[in-house]
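> Right, I'll just put the structure down here and ask away after.
In full-length UniProt numbering, the protein residues as written are 1 to 488.
See the structure below:
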């Protein structure tokens, strides 16, 4: 994270008279001092008072917290002030980049687990469509719209939810949307009408979208660019593994019991995941942590001054010297942030603006949307092919979705180790290029070819006289191609 200008070093004490210690700040950001007394070099520990000016400084993670001025003042026997309040614990406001590997690993695994079960929700619905058509007297095509409406909510909601995560952080968004995600799953399980199912599926997609769109942000919050490959590979792998597990497990449930248990199981599992998020997931957004740190310090300074202790020992141009000054902290990103309404407007407008004005964005979006369309097409194609051509029952046909999960796991392992090998054997110049977004295209240029290969393979081999394992392997091959496109 780049450091904003945090503290403007004040001039030497002899030059402080009649000057502001931070002249670039607006006049209304400082409290006026009604008298003209200034600190001078021969009184380095002069006691400040409420009449002294408060100067605001920018806070970053690299800013060293100054010590209170009272520590540099000789205590006297007639000091009637109460003991000063203790400094708050600032370790919880540490930069996420500096967290321990164990803490980062815990947050990564919680995040990708949530991603996996969100993806599980997308495909699990398809296994219950046969029973839904009988119950509600609807066509197969109408029943499948439950998948379509889910993806609509999944696509629309992030444009509205993203600004809230910038202001409030990742954790509140995960907790709130996670609870709603479980609640709307309950609605899916108990709804008596197909219309209720469609509404609930849309809302499930809206709530679940945060566990897909914001997990990449969590990874970028806690890992620097050169260390993100493993976490991003796990994230992409979790999305595809969950997509395969959904119809795989739901097929067994729907075959042996009612479709409602497809959603009851999700309520149970997703509820457990949300409990883990509530108790173990910590805030990762740096700007939010920095704002909280500034508020904690400012509250402590207010408390100190309430007990009669004024000022912090601030550095001068000479690193060996300090001087007392009443200060408060603020964060650059808080000042630059637009209003919530404007942020939502920009979030709704900008994706479409970039889509239709930037060729790179347009063609990459076309590329990845096509690959995900193929993936979601499998929810209908696999049961149709294997129940028609191979006379499989529901749970046997949906067991073929194992190929998606296996293909995703293999791709995840390959992705983790191929970049390590590339860094080991690449030149210094090439190694630096691998850290850039374009560096990921090296591997995708080759591996993405597995998608069309898998599609042709599946289309040419899904006949009853060819063993069922052959088209199943084609599904795994296509999934590996989709993985590389998604990760790119």
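For each residue, glycine too, the CB sits at the ideal point set by N, CA and C. Treat the numbers as computed from the prediction; the structure is a model and nothing was measured.
Just to confirm my understanding: we take residue 153, look at its own chain, exclude 5 residues before and 5 after, and list those with CB closer than 6 Å. What are they?
Cβ within range, chain order: 202, 205 and 206.
> At a cut of 8 Å, does the segment 260-279 reach the segment 166-181 through at least three beta carbon pairs?
Yes, since at least three Cβ pairs between the segment 260-279 and the segment 166-181 fall closer than 8 Å, the two stretches touch.
> Classify residue 382 as helix, strand or coil using the three-state DSSP reduction.
Residue state, collapsed to three classes: helix.
> Keeping to the same chain, check which residues put their C-beta closer than 7 Å to that of residue 344; ignore five residues upstream and five downstream.
Excluding residues within five positions, the ones whose Cβ falls inside 7 Å are 160 and 163.
> Mind pulling the beta strand (DSSP E) runs of 3 or more residues that sit fully within the segment 242-271?
Here no run is fully enclosed.
> In the DSSP output, what is residue 99 paired with across the bridge?
Partner(s): none; residue 99 has no beta bridge.
> Could you tell me whether the Cβ atoms of residue 267 and residue 189 are closer together than 8 Å?
Yes, these two residues count as a Cβ contact at 8 Å.
> In or out: residue 341 buried (at least 16 other Cβ within 10 Å) or exposed?
By the 10 Å Cβ count, residue 341 comes out exposed.
> What are the start and end residues of the alpha helix (DSSP H) that includes residue 151?
Its alpha helix (DSSP H) spans residues 140-168.
> Within the continuous beta strand (DSSP E) that includes residue 343, where are the two ends?
Premise fails: residue 343 lies in the alpha helix (DSSP H), 340-357, not in any beta strand (DSSP E).
> Please classify residue 83 as buried or exposed, where buried requires at least 16 neighbouring CB atoms within 10 angstroms.
With fewer than 16 Cβ atoms within 10 Å of its Cβ, residue 83 is classed as exposed.
> So that I know if they touch, is there some Cβ in chain D lying closer than 8 Å to that of residue 387?
No chain D is present in this structure, which holds just one protein chain.
> Nearest to residue 404 by alpha carbon, out of 478, 354, 357 and 191?
Checking every option, the nearest Cα to that of residue 404 belongs to 478.
> CB-CB under 7 Å to residue 455, same chain, minus the five flanking residues each way: which ones, in chain order?
Once the five neighbours on either side are set aside, the close Cβ partners of residue 455 are 374 and 478.
> Is residue 168 near the ligand SAM - that is, is its Cβ less than 7 Å away from at least one heavy atom of it?
Here there are no bound small molecules, and the ligand SAM is not part of this structure.
> Helix, strand or coil, according to DSSP, for residue 328 in the structure here?
In this structure, residue 328 counts as strand in the three-state DSSP scheme.
> Considering only C-alpha positions, which residue in the set 141, 271 and 228 is nearest to residue 118?
Considering only alpha carbons, the answer is 271.
> On a CA-only basis, which of 442, 389 and 350 is nearest residue 469? Give me that one, please.
Of the candidates 442, 389 and 350, the one whose C-alpha sits nearest the C-alpha of residue 469 is 389.
> Taking the alpha carbon of residue 397 as the point to measure from, which residue in 320, 126, 372 and 482 has its own alpha carbon closest?
Of 320, 126, 372 and 482, the residue nearest in Cα terms is 126.
> Excluding the five sequence neighbours on either side, which residues of its own chain have a C-beta within less than 7 Å of the C-beta of residue 208, listed in chain order?
So the list reads 118, 121, 154 and 181, once near-sequence residues are dropped.
> Looking at the structure shown, is residue 457 part of a helix, part of a strand, or coil, going by DSSP?
Residue 457 falls in the helix class under three-state DSSP.
> For residue 301, which option in 311, 293 and 237 has the closest C-alpha, if you only look at C-alpha atoms?
Ranking 311, 293 and 237 by Cα distance to residue 301 puts 311 first.
> Counting only runs that start and end within the segment 290-337, where is the beta strand (DSSP E) found for 3 or more residues in a row?
If we require 3 residues or more, the beta strand (DSSP E) runs fully inside the segment 290-337 come out as 312-315 and 322-330.
> Quick one, which of 248, 158 and 289 has its alpha-carbon nearest residue 90's?
Looking at the Cα atoms, 289 is the closest of the given residues.
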